[in-house]
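In mature numbering (1 follows the signal peptide of the UniProt record, and there is no 0), the protein residues as written are -19 to -1, 1 to 258.
The structure is reproduced here in structure tokens:
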């Protein structure tokens, strides 16, 4: 994602502002700053009340736009998590602005962040966060995050709590690395280069893929459910931001891991949420 020009950024901010007015009854399947969403709060903990509102700020030094789905306000704990993420991104931008001192940037710094409802069912809710933060350089820093909220448990579903054994993350690692390598091979074949150059490119990408999909929960922190017609999780879509499993030019990449692959390792508290073969 290249940095927006001032005119394009203004248009993008208008879109963000309008995003909060969209209907939120769709169920389309859909790092961030520095890490996964905060750890799940206990069900009996009362989250701090927060009301999400779209934010637009513009001045000579920075342009800021944040858009929220109104439906997220139904879930106070989820709303708090979204607010915390956005406030962190905003704080990072303002810190960079402050570090300019009396200098004026050649182009305004920019934060563009849109939260959207990806899933909204009685048992599973998911919100995607996508955008970028520009504080100088050739392009902005991509922002990618996913938040999965379980209304019945009043908690976030995190990667750390999802699978209950190292074997589970090994299975996810094997599956996602194979799919990402397939995608990399297809991309290489579509480019104008010799077979030898294609093979070299895939070899280089395979190293990034192996590192970015090592069997650790932190590498799979960003995910969202893909629901079936019965309202159960048919797959989890793992999201890999730019640089994790490929160069910036490859953008965000995703892999859907079927429930059948995950179920043998899903923690007992969450197995009922998944579609069974």
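Here a beta-carbon is modelled for each residue, glycine too, at the ideal position from N, C-alpha and C.
Rounded straight-line distance, which links the Cα of residue j to that of residue i
i: residue 317; j: residue 177; result: Given a span of -19 to 258 for the chain in the structure shown, any question on residue 317 remains unanswerable.
i: residue 102; j: residue 126; result: 20 Å
i: residue 170; j: residue 182; result: 10 Å
i: residue 163; j: residue 52; result: 37 Å
i: residue 168; j: residue 45; result: 34 Å
i: residue 251; j: residue 132; result: 13 Å
i: residue 49; j: residue 33; result: 7 Å
i: residue 91; j: residue 112; result: 10 Å
i: residue 59; j: residue 128; result: 8 Å
i: residue 249; j: residue 189; result: 33 Å
i: residue 88; j: residue 35; result: 24 Å
i: residue 204; j: residue 30; result: 26 Å
When the options are compared against residue i, the one with the closest alpha-carbon
i: residue 122; options: 146, 233, 257; result: 233
i: residue 86; options: 96, 75, 93, 94; result: 75
i: residue 201; options: 239, 224, 141, 93; result: 141
Cβ shell of residue i (< 7 Å), same chain only, five flanking positions each side left out
i: residue 209; result: 215, 256
8 Å CB neighbourhood of residue i in its chain, flanking five on each side removed
i: residue 211; result: 256
Identified DSSP bridge partners for residue i
i: residue 112; result: 94, 124
i: residue 48; result: 95
i: residue 141; result: Bridge partners of residue 141: none, in fact.
i: residue 213; result: Answer is none; residue 213 lacks a bridge partner.
Proximity of residue i and residue j at Cβ, strictly below 8 Å
i: residue 56; j: residue 106; result: yes
i: residue 230; j: residue 191; result: no
i: residue 151; j: residue 196; result: yes
i: residue 246; j: residue 146; result: yes
i: residue 217; j: residue 238; result: yes
Neighbourhood of residue i by C-beta distance below 6 Å, restricted to the same chain and skipping five residues each side
i: residue 138; result: 129, 131
i: residue 47; result: 36, 67, 94
8 Å Cβ cutoff, residue i in contact with chain D
i: residue 244; result: Here chain D cannot be found, since the structure has a single protein chain.
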